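Before any comments, here is the structure.
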Amino acid sequence: MTRYLYAVLMELRQLRCLVAIVDTGSFTDAAIELGVSQAAVSRTLLSLEKVLNVRLLHRTSRTVTPTTAGVQVLARARALLADADDLVREATTGHTRLRIGHAWSAMGRHTAEYLRRWAARYPDIELMLIRHNTSTAGLAEGLCDLAVVRNAFDERRYAHATVGHERRYVAMASNDPWVHRRSVALHEIRERTLVIDRRTGTTTPDLWPPDARPKVEYTQDIDDCLATIATGRCVGVTPESTTAQYRRDGIVYRLVRDADPVPVNLIWRRHDPHPATHAAVALLAELYRELSTRAGSPVSAGSGR
C-alpha cells in the first residue's frame, strides 16, 4: 500500500511540474514556483515523458510550448490536479468549490448580483469565476465545473441549460457617425466592415442573407476585437453582456433592433456534473427572468439534455 501511494504522489508531482512549466513559460520559473531546483524540474519532466513514452514539450533557448500530445496530456493533467486539490480541500475543511468558466463577460450585468446571492445562499460552497478564451470557456480543458457560453457547443458531449437570452448590440468607435442614434438595423451593418471573434464570438456572417453579407475581419480575443473597433475601421455585433462588462473609452454600443437574441447557456460535462450544478443553473435563470420581467418582455429559460 505504501508503494502504491508513493507512486500516486509521484504522478501528481510530475503533472504539477508539466503544468508549471507551461504556465510560467520556462524551466527556471517553474522551479521557482515549485520550490525546487531547475535540474529537478528537468528530471521530473523527463520521467513523465518516459512513463508516457511521448515527447510533451518543444524546447528552444527562448520558448517552451506543448507538443500535440502535450496539449492533450496538459488538459487531462489540469483536470486531475483540480480534482486532487478539491479532494484535499473538502477533506480538510468540509467546504466545496464551484468553478464557473467564461470566455468573456461572465454573467454580464448579472455578475455582481450572482456572486452576492450565491454567497448568501450557499456559504459553504466557494464560487470562482474563471476566464478562459476557448469555445467551452475552460470546460474542455478541465479548468472549470460549468461554463457560461453564448456561442455554439457540442450538445452531444455537454449537458446544458438555457438560462436566458440577450439582445444584440453594435459596438463602434466613439466618433462613429452612428453614435447619435438609439439603434441600428442589420441591413445597415452589412455596409460596414465587421470584426468577428472566430474563437468565442457569437456573431457570424449567417446573421445576413448569403448575397448581402458585410466584409469581415477576424480576431481571436474580445480585447483585440474592441481595440480594432476603437480605431473606427470596423464595427462589431455583440450580446448585451459585453456592454455591461466592457465599458471602455473609445467604444460606444447601440441596440441592433431587428436581430435575434443570443441564447445564454450553462454547460457541464454530461457524465460528471458538479453537485451544485442545479443550484448554479437555477440562480442564473432567476436573474435573467427577473430582468426580462422588469423589462416587460418575458424570456423563457429552460434546460436541454
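If you want the working numbering, it's the position in the sequence shown, counting the first as 1, plus 17.
Note that the Cβ used here is the ideal one computed from N, Cα and C, for glycine as well.
All values reported here derive from a predicted model rather than from experimental measurement.
So what does DSSP say about residue i, is it helix, strand or coil?
i	result
Tyr139	coil
Trp195	helix
Leu62	helix
Glu303	helix
Val71	coil
Glu172	coil
Thr260	helix
Gly218	coil
Thr45	helix
Val105	helix
His119	strand
Ser54	coil
Thr310	helix
Thr80	coil
Gly253	strand
His127	helix
His291	coil
Gly181	strand
Leu160	coil
Glu234	strand
Ala190	strand
So, using beta-carbon positions, are residue i and residue j closer together than 9 Å?
i	j	result
Cys242	Asp214	yes
Ser200	Leu272	yes
Ser152	Thr236	no
Leu62	Gly159	no
Ala169	Cys161	no
Ala86	Val71	yes
Ser122	Val165	yes
Arg138	Leu308	no
Ile246	Val212	yes
Ile147	Arg114	no
Ala297	Leu163	yes
Arg95	Val53	no
Gly118	Met189	no
Ala101	Leu29	yes
Asp193	Val252	yes
Exposed or buried, which one is residue i when buried takes at least 16 other CB atoms within 10 Å?
i	result
Val196	exposed
Arg172	Residue identity check: residue 172 is Glu in the sequence provided, not Arg. Exposed, since its Cβ has fewer than 16 Cβ neighbours within 10 Å.
Ile268	buried
Gly42	exposed
Ala293	buried
Thr220	buried
Leu304	buried
Ala202	exposed
Arg167	buried
His291	buried
Val88	exposed
Within the same chain, show all residues whose beta-carbon is closer than 6 Å to that of residue i, passing over the 5 residues directly before and after it, in chain order.
i	result
Met145	Arg116
Gln55	Phe44, Thr45, Ala48
Ala120	Asn150, Ala154, Thr217
Gly321	In this prediction, Gly321 scores a pLDDT of 43, lower than 50, which makes its location untrustworthy; no coordinate-derived value is stated.
Using C-beta distances below 8 Å, list every residue in its chain close to residue i, excluding the 5 sequence neighbours before and after it, in chain order.
i	result
Cys34	Ala47, Leu51, Val58, Thr61, Leu62, Leu65
Leu69	Ala86, Val90
Once the 5 residues before and after residue i are set aside, which same chain residues still bring their CB inside 7 Å of it?
i	result
Leu32	Ala94, Leu97, Leu98
Arg287	Arg174, Tyr175, Ala176
(message) With three or more C-beta pairs closer than 8 Å as the rule, is the stretch 171–189 touching the stretch 249–260?
(response) yes
(message) Does the stretch 221–233 come into contact with the stretch 131–139, if we say contact requires no fewer than three beta-carbon pairs (one atom in each stretch) closer than 8 Å?
(response) no
(request) Would you check if the stretch 259–267 and the stretch 199–214 touch, i.e. whether three or more CB-CB distances between them fall below 8 Å? (result) Flag = no, the stretch 199–214 and the stretch 259–267 do not touch.
(message) With three or more C-beta pairs closer than 8 Å as the rule, is the stretch 72–81 touching the stretch 117–131?
(response) Three or more Cβ pairs closer than 8 Å define a contact, and the stretch 117–131 falls short of that threshold against the stretch 72–81.
(message) Could you check whether the stretch 272–292 touches the stretch 158–178, counting it as contact only if at least three pairs of C-beta atoms, one from each stretch, sit closer than 8 Å?
(response) yes
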